[in-house]
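Just add 3 to the spot in the sequence shown (first one is 1) and you have our numbering.
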Amino acid sequence: PGPATGGRPRRGARRHVEVLVVGSGFAGLGAAIRLQRDGRDDFLVIERGPEVGGTWRDNTYPGAACDVPSHLYSYSFELNPDWTRSFSPQPEIQEYLRAVAVKYGVLDKHLFDTEVTSARWDASANRWLVDTTGGAFSCTVLVSAVGALAEPKLPDIPGIESFAGEIFHSARWNHDTDLAGKRVALIGTGASAIQIGPAVVDTVAHLDVYQRTAPWVMPRHDRRYPRVESLAYRHVPFLQRAAREAIYWGRESYVLGFALQPRLLDVAQQIARRNIGKAIADPELRAAVTPDWQIGCKRILISNTWYPMLARDHVDLVTDGIAEIRAKSIVSVDGTEREVDAIVVATGFHVTDSPTYERIVGKDGRSLAEVWDSEGQRAHKGAAVAGFPNLLFVVGPNTGLGHSSMVYMIESHLNYLSSALRAMTERQLATFEVRRDVQDHYNAGLQERMARTIWQTGGCASWYLDKFGNNTTLWPGFTFAFRRMTRSFDIANYDTTERSAERD
Ligand code: N01
Numbered sequence: 004p005g006p007a008t009g010g011r012p013r014r015g016a017r018r019h020v021e022v023l024v025v026g027s028g029f030a031g032l033g034a035a036i037r038l039q040r041d042g043r044d045d046f047l048v049i050e051r052g053p054e055v056g057g058t059w060r061d062n063t064y065p066g067a068a069c070d071v072p073s074h075l076y077s078y079s080f081e082l083n084p085d086w087t088r089s090f091s092p093q094p095e096i097q098e099y100l101r102a103v104a105v106k107y108g109v110l111d112k113h114l115f116d117t118e119v120t121s122a123r124w125d126a127s128a129n130r131w132l133v134d135t136t137g138g139a140f141s142c143t144v145l146v147s148a149v150g151a152l153a154e155p156k157l158p159d160i161p162g163i164e165s166f167a168g169e170i171f172h173s174a175r176w177n178h179d180t181d182l183a184g185k186r187v188a189l190i191g192t193g194a195s196a197i198q199i200g201p202a203v204v205d206t207v208a209h210l211d212v213y214q215r216t217a218p219w220v221m222p223r224h225d226r227r228y229p230r231v232e233s234l235a236y237r238h239v240p241f242l243q244r245a246a247r248e249a250i251y252w253g254r255e256s257y258v259l260g261f262a263l264q265p266r267l268l269d270v271a272q273q274i275a276r277r278n279i280g281k282a283i284a285d286p287e288l289r290a291a292v293t294p295d296w297q298i299g300c301k302r303i304l305i306s307n308t309w310y311p312m313l314a315r316d317h318v319d320l321v322t323d324g325i326a327e328i329r330a331k332s333i334v335s336v337d338g339t340e341r342e343v344d345a346i347v348v349a350t351g352f353h354v355t356d357s358p359t360y361e362r363i364v365g366k367d368g369r370s371l372a373e374v375w376d377s378e379g380q381r382a383h384k385g386a387a388v389a390g391f392p393n394l395l396f397v398v399g400p401n402t403g404l405g406h407s408s409m410v411y412m413i414e415s416h417l418n419y420l421s422s423a424l425r426a427m428t429e430r431q432l433a434t435f436e437v438r439r440d441v442q443d444h445y446n447a448g449l450q451e452r453m454a455r456t457i458w459q460t461g462g463c464a465s466w467y468l469d470k471f472g473n474n475t476t477l478w479p480g481f482t483f484a485f486r487r488m489t490r491s492f493d494i495a496n497y498d499t500t501e502r503s504a505e506r507d
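Next comes the structure, spelled out in structure tokens:
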């Protein structure tokens, strides 16, 4: 972490900045670099953690790695020839982000260990009033770069608070706990759990895996990059960019392939079935891990070690739901009580109901949480919300991906942000607010396309869907279409006020 304290306001004073960015993961750090490159100096990044990195700082569980190829999972302006594997492990990505923050000199624009407690739109002054644990600020434009998978979700299981052993969430791994020789329960079988299980299985004495819904798991084609390959990426001009392009178009062709030929999903499902068959001989266990919903409905997981792990003698797959947690055990619905010393909760995140949204209060006094709770998460182009002037998200609603790199989506939104700020300067704008009819039209079109997708028709319940059954998290199309759509700020879709019209 850099010199993070220079920007704190004096006691009692509210410090004003032109742009205030909340969060410093790939999105917020990228925003800081973009603002700086655009020649802006009057901005600040507020980050609740002790350093940059976001999800890659927080998810330090054993086995954490990215399942998007390394060359694609980096900023386009800062390719990294030194990735050691085709799928980067978490420590390497975190190291990359730290190095980028230093190289681009934006650390002194950060306030670390500082949490935003509220952000209220002040219509009389055309600015956001932002209270934090490190002082009070105001800003002309508020940028939310908090990410969709940042708030750990704990399961609502009776008795969970009475557990006397170690219990922690996958995104809050307790490195002081030694799992060696312990009886461990792993709750959940999502992307986090399938990396954790195989990484701890050789350490623990016994592992109970609590599976509510079986996931589809495809083979993982990971490899270490030989030194010569890294050298080539470093020294042969454009080679890494070419590799990146090839991976990018390979990934986009999934979308085209599945859209034009939905039966390709059946082929994928067969490959996943073979993955099970190769590793698990016991027909009962095979049946238990075979999903009853269509592949693609939830995120497709990749692992070569998950099924072999489940077949190990000291691992039990428990498919009966959890009825209760007691001081030293977990009781499943069929009444079986299993003693455990430690519980790892890999139950995902508050996505559509993040507590962050309660803290952002728009022009009519309603919080983003209230608005989204009543009508579902909606934004224009994933960035702007009617009723919340001068607020832009970097990867807000319907910008998530199941097939490619979020960094690409983030950089698309940084173009949009940059263009919006430029428009404000050029036109001397005090405020911009997306028109409600525009937002409604955009979302109606989006949901119409969504209704035909596997995420909605595949017969599963996933974190992609909100309580109304709408997919408000993913982008339903090609990423280059998103890039084109966000290339420049579509000011005609916004109500604006000019600075000259500002009230004193
Ligand atoms: O969370 P999840 P995650 N009792 O929500 C189960 C990204 N990511 O942290 O399927 C029992 O996917 C739940 O069961 P069910 C990636 O985008 C990427 O694993 O809802 N079980 C499910 O099995 C991913 O999609 C990477 O029935 C309960 C699991 O917990 C996203 O993060 C790695 C339960 C939660 O799965 C989230 O992944 C890790 C309960 N009460 C994460 N509540 C890579 O790039 C929930 N579950 C590799």
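We treat Cβ as the ideally placed atom computed from N, Cα and C, and that holds for glycine.
Pro400 has its Cβ no nearer than 6 Å to any heavy atom of the ligand N01.
Spanning the alpha carbons of Ala188 and Asp116 requires a straight line of approximately 32 Å. One Cα belongs to Ser73, the other to Gln264, and the distance between them is close to 28 Å. In this structure Thr192 is in contact with Val212, their Cβ atoms being roughly 7 Å apart against a cut-off of 8 Å.
The C-beta distance from Phe396 to Ser233 rounds to 35 Å, too long to meet the 8 Å contact threshold.
Nearest in C-alpha terms to Pro222, of all of Ile333, Ala349, Arg277, is Arg277. Under the DSSP assignment, Arg452 falls in the alpha helix (DSSP H) whose first and last residues are 439 to 453.
Taking 7 Å as the cut-off, the beta carbon of Trp59 is found closer than this to the beta carbon of Ile96. The beta carbon of Arg123 lies closer than 6 Å to those of Leu132, Val364 in the same chain, with the five residues before and after it left out. At least one heavy atom of the ligand N01 is found less than 6 Å from the C-beta of Ala194. Within the segment 410 to 435, no run of alpha helix (DSSP H) reaches 4 residues while sitting entirely inside it. With fewer than 16 other beta carbons inside 10 angstroms of its own, Leu259 counts as exposed.
Under the 10 Å beta carbon count, Phe140 is surrounded by 16 or more other beta carbons and is classified as buried.
The closest CA to that of Tyr310, considering only Tyr360, Val388, Ala217, Glu98, is found on Ala217. Taking C-beta separations shorter than 6 Å and ignoring five residues to either side along the sequence, Ala262 has no partners in its chain. If only uninterrupted alpha helix (DSSP H) runs of at least 4 residues are considered, those enclosed by the segment 312 to 400 are 371 to 378. Within the model, the alpha-carbon separation for Glu287 versus Phe435 is close to 59 Å.
When secondary structure is reduced to three states using DSSP, Val103 falls in the helix class. For Trp176, same chain residues with a beta-carbon under 7 Å away, outside a window of 5 residues either side, are Thr63, Tyr64 in chain order. Distance between Leu304 and Thr355, taken at the CA atoms: about 21 Å. Shown here, Val231 sits in a helix according to DSSP, grouped into three states.
By the neighbour-count definition (other C-beta atoms within 10 Å, threshold 16), His444 is an exposed residue. If you draw a straight line from the Cα of Phe29 to the Cα of Asp285, it comes to about 43 Å.
Residue burial is scored here from C-beta neighbours: Glu54 has at least 16 other C-beta atoms within 10 angstroms and is therefore classed as buried. Around the beta carbon of Gly138, 16 or more other beta carbons lie within 10 angstroms, which makes this residue buried. For Pro400, the closest C-alpha among the options Ile250, Ala151, Leu267 is that of Ala151. A distance below 7 Å between beta-carbons, with the five flanking residues on each side excluded, links Pro155 to the following residues of its chain, in chain order: His172, Ala174, Arg175, Phe352. Rounded to whole angstroms, the gap between the alpha carbons of Ala194 and Ala126 is 43 Å.
Our two residues, Phe46 and Tyr497, have alpha carbons roughly 23 Å apart in a direct line.
The three-state secondary structure of Ser165, taken from DSSP, is helix. With a cutoff of 6 Å, Gly462 does not count as near the ligand N01, since its C-beta is closer than that to no heavy atom of the ligand.
Remark: the shortest separation between the CB of Thr350 and any heavy atom of the ligand N01 falls under 6 Å. In this chain, Arg302 is not harboured by any beta strand (DSSP E), its DSSP state being neither H nor E. For Val20, the three-state secondary structure derived from DSSP is strand.
Of Ile279, Tyr78, Asp295, Arg369, the smallest CA-CA separation from Arg289 is found for Ile279. Here the alpha carbons of Thr322 and Asp179 stand approximately 30 Å from one another.
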